[in-house]
Structures are given as C-alpha cells and as structure tokens.
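Structure record follows, encoded as structure tokens.
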Amino acid sequence: MHTHYSSLGCQASRVHQIRCASTTSASYPFPTHAHPSPHQIFHLPRSATQQQIKSRYYELVRIHHPDSPFGRDVSPAVRHSRFQSITAAYDILRGKSAGSHGPVDVYRAELERRRRARAAYTAARGPAKAQAQEWSASADDRWKDRIILFVGILALGAGLGPMLVWPSYTASYQAHLSAARNLAQARSDAREYGEERRREIRRRVQEYNELKAAREQSPEDEPRT
715 MHTHYSSLGC QASRVHQIRC ASTTSASYPF PTHAHPSPHQ IFHLPRSATQ QQIKSRYYEL
775 VRIHHPDSPF GRDVSPAVRH SRFQSITAAY DILRGKSAGS HGPVDVYRAE LERRRRARAA
835 YTAARGPAKA QAQEWSASAD DRWKDRIILF VGILALGAGL GPMLVWPSYT ASYQAHLSAA
895 RNLAQARSDA REYGEERRRE IRRRVQEYNE LKAAREQSPE DEPRT
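Going by my numbering, the sequence shown opens with residue 715, and the numbers climb by one from there.
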C-alpha cells in the first residue's frame, strides 16, 4: 500500500513538473520566425531596464537551457541553437557585444564572443607573451622550420665531424705504424741473433769433430814409431 501511494505521488509530481514546464515555456516561448531581434527573444520592450533584462535572462536560461526539462519536446540541436541565440541577445542588450538591436546573428555573435575572450586572454598574458604569440608560426610553417633546422645540423656535423675525428684517427694510425715498425725491427733482430747462434753452434760442432778425429788418429800412429 505504501509503495502504491509512493508511485502515485511520483506520477503526480511528474505531471506537476510537466504542467509547470509547459506553463513556464509558454510564458516566454522562443520566437518561431527567422532572425528575431534581442527584444523579441527576451519578450521585452525597447525601454526595458538592465535589471529587467538581467532578470528575464535568468528566466530564459532556466527555460531554454539544453539540460532544462522544459524543452524536452524539441531536439538537442534546436535547444542548443536557441540557447546560443539567447546568450548572444543578452550580450547585445547588456552592451557587451557590438551590434544593433536588430535580428541576432548567432554565428557572428559567437565570433565576437570568442574575439573578446581572445583579447582578454592576450591582455592577461602580458605584452611580451602576446608579441611572442603573434610571431609564432603556423602549423604549415613549423614543419618547414624543423626541416631547415635538421638540414643545418647535418651540414654542421658534416663540417665539424672530420675536424673532431681526424686528429684521433691520425694519432691511432701513427701509433699503429710505430708498433708495426717496432715489431718488424724485433723480428729482424731475432733472425740475426738466431743466425749468429746457429753459426756459433756449427763452428763449435766442427771444432769438436776435428778434435775427436785427431784424438782417434793419435793412438794408431804411436805403435808404428
């Protein structure tokens, strides 16, 4: 029973919200004709005060905001377009946007709003940063600058590379030549020493053989005498 009454209460609440939404949206409907003026969008006369404009703007935002439940009968794209038109009309009526009180051009008003935001951002960053931002290259020019920088680095490396590498290469090559000469000289000295030792050994062997032969002949000659 309690659940039944709760569901009935929720349904009644939803019906009340729908009725309130239809009544509120019917109070200040968005103009159906093309290019309405700011005063037509706000349903105010041209003699309206700034306080009236501000109060009516809050009411229109509550009704025509894209997330508001009062405009569920139209598509999201239409709700978004209406909300942009209301914002642009409010800027014009408050004197924050350049333009007359004639028909509202949503795209032009949006461009004006972005231009003002850009100018405020540039002023907040300071003159030096603003000047640096004006001098910044576009996306098409940045890759050209990178290519030029890369080619310049390659050219610099090609010019300075031999100057940096050649001295070390010359020193290592000279050390290699010196080591080769020393090795050749050592081999030559070893060959000469080896030849000299072999000659000395052959001479001693020959003397030993001669001495041995002389000793063998001496006993044979003694009996004959």
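Even for Gly, the Cβ is constructed at its ideal location relative to N, Cα and C.
With the rule of 3 Cβ pairs closer than 8 Å, the region 761-775 counts as touching the region 799-809. Within the same chain, and ignoring the five residues on either side of Ile767 in sequence, the residues whose Cβ sits closer than 6 Å to its Cβ are Leu807.
For Ala803, the enclosing alpha helix (DSSP H) starts and ends at 790-807. Here the alpha carbon of Gln798 sits roughly 40 Å from the alpha carbon of Asp859. Between Ile861 and Ile800, the beta carbon gap of about 49 Å keeps them out of contact (Cβ cut-off 8 Å).
Taking 9 Å as the cut-off, the Cβ atoms of Ser782 and Arg793 count as close.
Within 10 angstroms of the beta-carbon of Arg829 lie fewer than 16 other beta-carbons, which makes it exposed. For Arg770, the enclosing alpha helix (DSSP H) begins and ends at 764-778. Distance from the CA of Ser902 to the CA of Ala894, rounded to the nearest whole angstrom, comes to 12 Å. When rounded, the separation of the alpha-carbon atoms in Ala833 and Arg827 is 10 Å. With contacts defined by Cβ atoms closer than 9 Å, Arg796 and Phe744 form a contacting pair.
As the crow flies, the alpha-carbon of Leu870 is around 37 Å from that of Arg839.
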